[in-house]
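First comes the structure, then the notes that go with it.
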Amino acid sequence: MKKIEHIYIHIPFCQTKCPYCDFYSISSNDELLKKKYVKKLLEELELYNDIIASDIKTIYIGGGTPNSLSIDNLKELLSGLNKKINVSKKVEFTIEVNPGSVTEEKLKLFKQFGINRLSIGSQSFLINELRTLGRTHTPQDIYNTFHTARKLGFENINLDLIFSIPGQTINSLIYSINKLMDLDPEHISAYMLTYYERTKFHKLLQNRKIKKIDDDIEGEYYDIVKEVFRIHGYDHYELSNFCKPNKGSKHNLNTWDFGNYIGLGASAHSFFNDIRWYNDNDVKKYVDLKFTKYPNKNSLSLQDKKNEFIMLGLRKLNGINLDKYKNIFKNNIFIDFLEMDKHINNDFLILNKKNLYINPEHINIYNTIVSDILLD
Ligand code: SF4
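Counting in our numbering, the sequence shown runs from 187 upward without gaps.
So this is what it looks like as structure tokens:
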């Protein structure tokens, strides 16, 4: 069995909690806690030494806000990683950063330790929308972070964009898109605002303290996003992701391609050999943990596995590789999922020699199509 070639590291600390965010993170200035956390991350990595490949392909440090760690803690983490795994130049090594709070000194450190891809949490280029989202940075912070990163030699940069922000208009959306285009990043993640349960925004929506953009208008906004990025030469390769040629996120593609990965840190999930496991959402518990392997483990049933393959694969605009399905499941996809024929006939799905994918004209209704196909 092939060993794990993709590593995710979760840094669950943020300056403040954004009201729409459902990632696990806490607002903390406790440097000692962060120091212990980094130490435990490296211990956890060590624990899975036997299933991690010597030649890894991607590392992704996400959060939370990874750059909220101090220089010393970041050094400890990055030098520890470099000692334990082979971080060659071929590895796609990403870190998420927040504009405004990431300093030039930290960006230099990232470069020095082999990080070659930055994901900048820009979200919007209008101050009032950033404030609605509870973000602490300004549009100027985005430009400063981006230009500093370029100056230091980062040639692979993702910018995040959120659309359907309460109060957003077509004009304000186009303004942000144009500002983002001026920066000319290699990759864009453009997400429609989601009101996840357990977030402050969800509560505000329920109490009618916030007004959600209508569903029809959200669809229009998504169409605008897709069209403008297409005109500027970006490949729409996954529901929410756009890239310049060959700049798709290898780390995320592995997940959508049903590949193995290991997640380290509080709340991180892993998938290997049909087993999923995850760490609890609890930093304080994590730092005191006496690690055992595969916490909260569950094996996927055959049907769950097939469903996940379809659900993840159809997120990609080039869809599912039919030979791969046959190799893994030893069966014909159209026999396993009888509703697929219907969606090919009604033009929602397109079948070519190798792949089955959602008709790009109908990608807005991915959820409807996929939930109709999947089996219990
Ligand atoms: S900075 Fe990012 S991870 Fe932290 S609360 Fe805001 S959206 Fe969530």
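Glycine included, C-beta positions come from ideal geometry on N, C-alpha and C.
Closest Cα partner of residue i within the set the options
{"i": "Tyr425", "options": "Asp409, His418, Pro431", "result": "The identity of residue 425 in the sequence shown is Leu, whereas the question assumes Tyr. Ranking Asp409, His418, Pro431 by Cα distance to Leu425 puts Asp409 first."}
{"i": "Asp474", "options": "Lys188, Lys222, Met187", "result": "Lys222"}
{"i": "Leu498", "options": "Asn284, Gln201, Val411, Leu542", "result": "Leu542"}
{"i": "Lys397", "options": "Phe477, Ile257, Leu508, Thr355", "result": "Thr355"}
{"i": "Ser214", "options": "Leu228, Leu255, Lys479", "result": "Leu255"}
{"i": "Leu561", "options": "Leu535, Asp522, Glu315", "result": "Asp522"}
Cβ separation of residue i and residue j, assumed to be a contact under 8 Å, to the nearest whole Å
{"i": "Ile281", "j": "Ile242", "result": "Contact flag wrong, Cβ pair sits at about 15 Å."}
{"i": "Ala335", "j": "Leu293", "result": "6 Å"}
Secondary structure of residue i, DSSP reduced to three states
{"i": "Asp421", "result": "strand"}
{"i": "Lys502", "result": "strand"}
{"i": "Val283", "result": "strand"}
{"i": "Tyr377", "result": "strand"}
{"i": "Asp258", "result": "helix"}
{"i": "Gly449", "result": "strand"}
{"i": "Asn513", "result": "helix"}
{"i": "Ile301", "result": "coil"}
{"i": "Gly307", "result": "strand"}
{"i": "Ile212", "result": "strand"}
Element boundaries [beta strand (DSSP E), containing residue i]
{"i": "Leu524", "result": "That residue, Leu524, is in no beta strand (DSSP E); it is neither H nor E in DSSP."}
{"i": "Met468", "result": "Note on identity: in this sequence residue 468 is Asp, with Met being the wrong assignment. From DSSP, Asp468 is part of no beta strand (DSSP E); its letter is neither H nor E."}
{"i": "Thr244", "result": "244-249"}
{"i": "His196", "result": "192-197"}
{"i": "His455", "result": "455-458"}
{"i": "Asn541", "result": "541-544"}
Residue span of the alpha helix (DSSP H) that contains residue i, given as start and end
{"i": "Gln326", "result": "325-337"}
{"i": "Ile555", "result": "552-559"}
{"i": "Asn364", "result": "356-369"}
{"i": "Phe387", "result": "386-392"}
{"i": "Leu228", "result": "217-233"}
{"i": "Asn440", "result": "436-442"}
C-alpha gap between residue i and residue j, whole angstroms
{"i": "Tyr369", "j": "Phe311", "result": "For the sequence presented, residue 369 should be read as Leu rather than Tyr. Rounded to whole angstroms, Leu369 to Phe311 spans 12 Å at the Cα level."}
{"i": "Ile549", "j": "Ile301", "result": "33 Å"}
{"i": "Trp463", "j": "Leu231", "result": "14 Å"}
{"i": "His529", "j": "Asn517", "result": "20 Å"}
{"i": "Ile551", "j": "Leu486", "result": "27 Å"}
{"i": "His373", "j": "Gln309", "result": "13 Å"}
{"i": "Asp258", "j": "Asp401", "result": "46 Å"}
{"i": "Lys412", "j": "Gly505", "result": "17 Å"}
{"i": "Asp208", "j": "Asn427", "result": "19 Å"}
{"i": "Gly434", "j": "Asn342", "result": "10 Å"}
{"i": "Lys512", "j": "Leu264", "result": "40 Å"}
Any non-hydrogen atom of ligand 3 within 7 Å of residue i CB
{"i": "Gly419", "result": "For ligand 3, the structure offers nothing, since it holds only ligand 1."}
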